[in-house]
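Trainee:
Protein chains in written order, with our numbering: chain A, 402 to 660; chain B, 402 to 660.
1) Look up residue 553 of chain A in the DSSP assignment and say whether it is helix, strand or coil.
2) Within 8 Å, do at least three Cβ pairs link the stretch 448 to 459 of chain B to the stretch 479 to 492 of chain B?
3) List, in chain order, every chain B residue whose beta-carbon is nearer than 8 Å to that of residue 654 of chain A.
4) Please compile the residues from chain B whose C-beta is within a distance smaller than 7 Å of the C-beta of residue 624 of chain A.
5) Of all the beta strand (DSSP E) runs that stay within the bounds of the stretch 443 to 526 of chain B, which reach a length of 3 or more residues?
6) Relative to chain A, which residues along the stretch 605 to 623 of chain B have a C-beta separation below 9 Å, given in chain order?
7) Looking only at its chain, what residues have a beta carbon closer than 6 Å to the beta carbon of residue 520 of chain A, apart from the 5 residues adjacent to it on each side?
8) Mind listing which residues of the stretch 572 to 584 of chain A have their C-beta closer than 9 Å to chain B's C-betas, in chain order?
9) Do residue 534 of chain A and residue 423 of chain A have their C-beta atoms closer together than 8 Å?
10) So which of A:631, A:610 and A:551 has the shortest CA-CA distance to residue 596 of chain A?
11) Closer than 8 Å, CB to CB, is residue 627 of chain A near chain B or not?
12) Between residue 591 of chain B and the rest of its own chain, which residues show a CB-CB distance below 6 Å, the 5 nearest in sequence each way excluded?
13) Rounded to whole angstroms, what is the Cα-Cα separation between residue 613 of chain A and residue 562 of chain B?
14) Contact between the stretch 487 to 501 of chain B and the stretch 638 to 657 of chain A is defined here as three or more beta-carbon pairs at a separation below 8 Å; is this criterion met?
15) Could you compute how far the alpha carbon of residue 431 of chain A sits from the alpha carbon of residue 425 of chain A?
16) What would DSSP say about residue 599 of chain B, mapped onto helix, strand or coil?
17) Cα separation between residue 476 of chain A and residue 620 of chain A?
18) Rounded to the nearest angstrom, what separates residue 478 of chain A and residue 570 of chain A at their Cα positions?
19) Is the CB-CB distance between residue 513 of chain B and residue 606 of chain B below 8 Å?
20) Please name the residue or residues paired with residue 578 of chain A in a DSSP beta bridge.
21) Determine the contact status of residue 600 of chain B and residue 577 of chain B, defining contact as a CB-CB distance below 8 Å.
22) Can you tell me which residues form a DSSP beta bridge with residue 420 of chain A?
23) What does the alpha-carbon distance come out to for the pair residue 640 of chain A and residue 461 of chain A?
24) Where DSSP assigns a beta bridge to residue 634 of chain A, which residues make up the other side?
25) Check each candidate in A:618, A:408, A:629 and A:429 and name the one with the smallest Cα separation from residue 531 of chain A.
26) In this structure, does DSSP put residue 594 of chain B in helix, strand or coil?
27) What are the boundary residues of the beta strand (DSSP E) that includes residue 627 of chain A?
28) Use the C-beta contact count for residue 463 of chain B: other C-beta atoms within 10 angstroms, 16 or more gives buried, fewer gives exposed.
29) Given this structure, state the Cα-to-Cα distance separating residue 602 of chain A from residue 649 of chain B, to the nearest angstrom.
30) I'd like the span of the alpha helix (DSSP H) that includes residue 571 of chain A, first residue to last.
31) What's the call for residue 412 of chain A, buried or exposed, on a 16-neighbour Cβ count within 10 Å?
32) Looking at C-alpha atoms only, which residue of A:630, A:618 and A:468 is the closest neighbour of residue 618 of chain B?
33) Alpha carbon to alpha carbon, how far is residue 615 of chain A from residue 584 of chain A? Give it in angstroms, no decimals.
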């Protein structure tokens with residue numbers, strides 16, 4: 402197994418940002434900054450975040466959600482670049498699929514079938530990478546091997562997050578959404594942890610019926626669906642705040658060492 | 402028009418509770434208690450709350466939501482007893498419908514058609530009562546004629562709230578849910594204010610498709626659907642907190658007089 406290697410560190414407004422690698426997979430870990438009057442390096446829950454297709458580990462949506470989770474709950478937040486994304490090389494297969502996707506979009510044709518196919522391929526590569534990253538992250542004393550772990554990812558982050566959550570018993574709560582049911586519903590039936598699921602009512606890519614069918618598939622006794630009016634890219638900002646409250650409810654609070 | 406008459410006042414943990422009547426309709430107004438270090442009688446937004454069928458203006462769900470809105474936002478909250486409910490007399494028609502409903506429930510038969518029919522009848526009586534109560538409430542200096550007004554009601558509170566919100570331009574945001582689409586969808590199409598809509602995914606009375614169709618009917622550009630796993634009576638407590646945040650977003654904040 403690969404250990405986690407930190408490669409850079411910056412700090413801004415209460416949040417420490419550390420770049421890392423696990424094997425050849427680059428990631429970023431956001432954590433609460435210690436400071437005067439702030440708790441020391443107590444253990445805190447960890448939220449894994451999966452980025453969307455075509456973006457990367459430090460995309461604004463990732464950094465913004467991480468800041469909410471770190472400053473609002475004192476949690477750690479880790480994102481790794483998905484295969485073929487961010488600082489990672491693309492395979493010939495990646496290049497071909499991306500070219501097909503671009504041609505389809507340019508032609509104004511439905512991109513769903515290609516996204517579904519390519520994301521299923523990426524998920525097969527990403528799930529073991531996430532599990533290795535989680536092994537390495539849990540070796541850090543501020544995270545630990547037995548602390549609560551959540552997963553938060555929409556779009557491609559759900560294409561990867563559903564199979565990851567289904568096989569990874571360390572993940573005990575997940576915020577997911579914005580994906581088609583066909584490739585994921587059978588896997589979602591194996592998920593029993595609390596789920597908050599996000600959809601857009603007027604999504605131009607994902608039919609309502611398909612998104613609702615994926616929500617329906619989760620076996621979780623506790624599951625919540627949030628749907629907002631608007632198109633695929635118009636998820637309201639308050640859904641990120643809702644996700645933070647969801648993780649605060651289900652992962653508990655950061656702990657500090659006894660005084 | 403009838404003025405508002407206060408008939409009783411108590412105060413507990415930061416909330417003043419005043420019973421009132423408008424004509425022969427009894428109601429309750431919950432408001433922030435003044436106190437040392439607390440703002441004086443500045444104007445604050447008003448939330449009208451409609452109670453569920455078979456309950457009344459001071460049912461625990463009403464008092465609990467009112468406390469969240471008063472202590473969390475500094476808002477005023479008013480509830481009036483629906484016709485035939487709480488401290489109000491029942492007509493012969495009320496008695497007949499209630500008897501039919503009880504027999505249907507005791508026989509284990511679907512109660513939906515009777516609830517729909519009886520609630521439509523009650524809404525016809527309740528909408529003008531609500532409008533008169535709002536006229537009277539807005540004469541109070543701590544509410545005022547031009548302040549923001551919201552409406553919050555599920556179940557029968559939605560059967561009354563949809564036609565009320567459709568005809569009452571003073572209501573600028575509404576939390577609704579838990580009702581069948583057939584009797585309300587046409588009216589909901591006339592509603593354009595922001596709506597948060599609540600459903601239960603496993604509701605034993607309201608079919609999923611019917612609840613989703615009612616959400617779909619609202620013409621509001623801003624609308625949010627919250628669905629939770631569980632039966633008709635299992636709406637999670639955090640939905641009340643979500644409603645409070647919704648009203649805080651859309652009705653603004655309580656104002657205090659200039660120092």
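Ideal Cβ placement from N, Cα and C applies to all residues, glycine included.
Mentor: Put simply:
1) strand
2) yes
3) None at all; the shortest Cβ gap to chain B is about 17 Å.
4) What residue 624 of chain A touches in chain B: 630.
5) 447 to 450 and 477 to 481
6) Residues of the stretch 605 to 623 of chain B that bring their beta carbon within less than 9 Å of a beta carbon in chain A comprise 609, 613, 616, 617, 619, 621, 622 and 623, in sequence order.
7) So the qualifying residues of the chain are 557 and 560.
8) none
9) yes
10) A:551
11) Chain B has a Cβ within less than 8 Å of the Cβ of residue 627 of chain A.
12) The answer, listed in chain order, is 567.
13) 26 Å
14) No, the stretch 487 to 501 of chain B is not in contact with the stretch 638 to 657 of chain A.
15) Using only the alpha carbons, I get a separation of about 19 Å.
16) strand
17) 27 Å
18) Going by C-alpha positions, residue 478 of chain A is about 18 Å away from residue 570 of chain A.
19) yes
20) A:599
21) no
22) Per DSSP, A:409 and A:429.
23) Their backbone Cα atoms lie some 15 Å apart in a straight line.
24) According to DSSP, which records beta bridges pairwise, residue 634 of chain A is partnered with nothing at all.
25) A:429
26) Residue 594 of chain B falls in the coil class under three-state DSSP.
27) 624 to 629
28) buried
29) 23 Å
30) Unbroken run through residue 571 of chain A: none, as it is neither H nor E.
31) When all chains shown are included, residue 412 of chain A counts as exposed.
32) A:630
33) 9 Å
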